[in-house]
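Here is the structure we will look at.
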Amino acid sequence: MRMSMSAGPGVVRAVPGRLPGIVVTVGAVVVASAVASLVPGVGLVTAAVALGVVVGNVPGCPGAAAPGLAWVSRVVLRAGVVLLGLQLAVGQVLELGAATVGVVVAAVVVTFAGTVLLGRALGVSRGLSLLVATGFSICGASAIAAVEGVVDREDEEVATGVALVTVFGSLSMVLLPLLGGMWGVGPELLGRVAGGSVHEVAQVVAAASPAGAAAVSVAVVVKLGRVVLLAPLVAGIGLLRRRRGGGGEGRRVPLLPLFVVGFLAAMAVRSTGLVPGSVLEVAREATTVLLAAALFALGTSVRVRGLVRTGPRALLLGVGSTVLITSVTVAGMLTVA
């Protein structure tokens, strides 16, 4: 729904129409939280996305909840991305050392470029290829939300990208610690590989947890190193699209969406070291809840029949992107070690 900032009465009138979707979302987050607490290794965000896909494919859904779900999937998701910046301090990334930072950057660049090229070879649309490339190389659904405003894409492609990044991130979360145990990989190396290759922050924690607290600590910092690259990547895509004249007549593609600027501002605030730990903890929990709510709403727009119509091409793109980021990360981290 399009509304100008001056349309105050219109905004007020829109509120009742959004309430059913907002209420459904709140209930879904409660259910997803219960599932996450009962099922080991399943985070709140992953449970919420899965629940959204299930609800969205029930006949008659989302029905009256659709306007509210659409609002949550955009506004709440962007608020979550802004708060995500408070989890990042530039000093944390620099502590990894130049070699590890180099591996992280290389993995992101190779995965992004390779996924776009693979999508072209498979005949996948450019919009979906860019969404998958960003989500798989940076930070999953949050990255897709950040980049979808600067690429030509269909709404269904955003939902497909989120579904793919959730499925393959969950597979990596399960398989990585199993393979690491089979091959006798040490905690620090497993943590570095998990942080450098698994998509969502919660999935990274779950993948590294079997190896202990030391692995989780390393994994989270490496993961945040990837998240730092979100803003430069979005800016680069926006700049390229501007030069190509994208966005349609009379509409200039933003170099950085406003909420990505907010993400950078939050990261700058965190980097000052002035924010109390208690505030950061509340912000971390709020970020998870906001992202879970928004991704449930976005998950309701995923249509299983639509994924089937996409055929094996989108799935092959997900496989290829996962293999790329995992192989480059493993090779790089082994070299650094």
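Numbering (this note's numbering), first residue to last: 16 to 352.
Just so you know, even glycine gets a beta-carbon here, dropped at the ideal spot from N, CA and C.
### Task
Decide if ALA281 is buried, meaning its Cβ has at least 16 other Cβ atoms within 10 Å, or exposed.
buried
### Query
Looking at C-beta atoms only, is the number of pairs between the region 292-301 and the region 180-190 that lie closer than 8 angstroms three or more?
no
### Query
Roughly how many angstroms separate the alpha carbons of LEU289 and LEU295, rounded to a whole number?
10 angstroms
### Query
Taking DSSP as the reference, what is the three-state secondary structure of THR287?
coil
#### Entry: Cα-Cα separation, ALA250 to ALA122
19 angstroms
### Task
Buried or exposed for PRO198, please, with buried defined as at least 16 other CB atoms from any protein chain shown within 10 angstroms of its CB.
Note on residue identity: the sequence assigns Trp, not Pro, to residue 198. Result: exposed.
### Query
Touching or not, the region 101-119 and the region 308-315, by the rule of three or more beta carbon pairs under 8 angstroms?
no
### Task
Report the rounded CA-to-CA distance for CYS76 versus LEU248, giving the unit in angstroms.
35 angstroms
### Task
To the nearest angstrom, report how far apart ALA234 and GLY347 are at their CA atoms.
15 angstroms
### Query
When DSSP labels each residue in this structure, what does GLU110 get in the three-state scheme?
coil
### Task
List the whole-angstrom C-beta distance separating LEU306 from VAL39, where the pair is believed to meet the contact cut-off of C-beta under 8 angstroms.
The Cβ separation is near 17 angstroms, so there is no contact.
### Task
Look at the alpha carbon of LEU245 and the alpha carbon of ALA221, and state the distance between them as a whole number of angstroms.
22 angstroms
### Task
Would you mind stating whether LEU103 and ARG285 have Cβ atoms separated by less than 8 angstroms?
yes
### Query
Helix, strand or coil for TRP198 per DSSP?
coil
### Query
DSSP on LEU244, reduced to helix/strand/coil?
coil
### Residue from PHE274, THR341, ILE252, VAL351 whose Cα sits closest to the Cα of LEU186
THR341
### Query
Looking at ALA51 and GLY58, is the spacing between their C-beta atoms short of 8 angstroms?
yes
### Query
VAL124 by DSSP, collapsed to three states: which one?
helix
### Task
Could you tell me whether any non-hydrogen atom of the ligand GDP is closer than 7 angstroms to the CB of GLY32?
Looking for the ligand GDP in the displayed structure turns up nothing, as the structure carries no ligands at all.
### Task
Leaving out five residues on either side along the sequence, give the residues of the same chain with a beta carbon under 7 angstroms from the beta carbon of ALA223.
LEU205, GLY206, ALA209, ALA230, VAL231, ALA234
### Query
Taking Cβ to Cβ, would you say SER144 is nearer than 8 angstroms to GLY155?
no
### Task
Return the CA-CA distance between VAL162 and ARG93, expressed in angstroms with no decimal places.
11 angstroms
### Query
Which class does ILE252 belong to by DSSP, given the choice of helix, strand or coil?
helix
### Message
Within the continuous alpha helix (DSSP H) that includes ALA158, where are the two ends?
### Response
156-162
### Task
Write down the C-beta distance between VAL119 and ALA308 rounded to the nearest angstrom, noting that I regard them as a contact closer than 8 angstroms.
Wrong, their Cβ atoms sit about 29 angstroms apart, outside the cutoff.
### Query
Nearest CA to the CA of ASP170: which residue from SER157, LEU146, VAL69, ILE153?
LEU146
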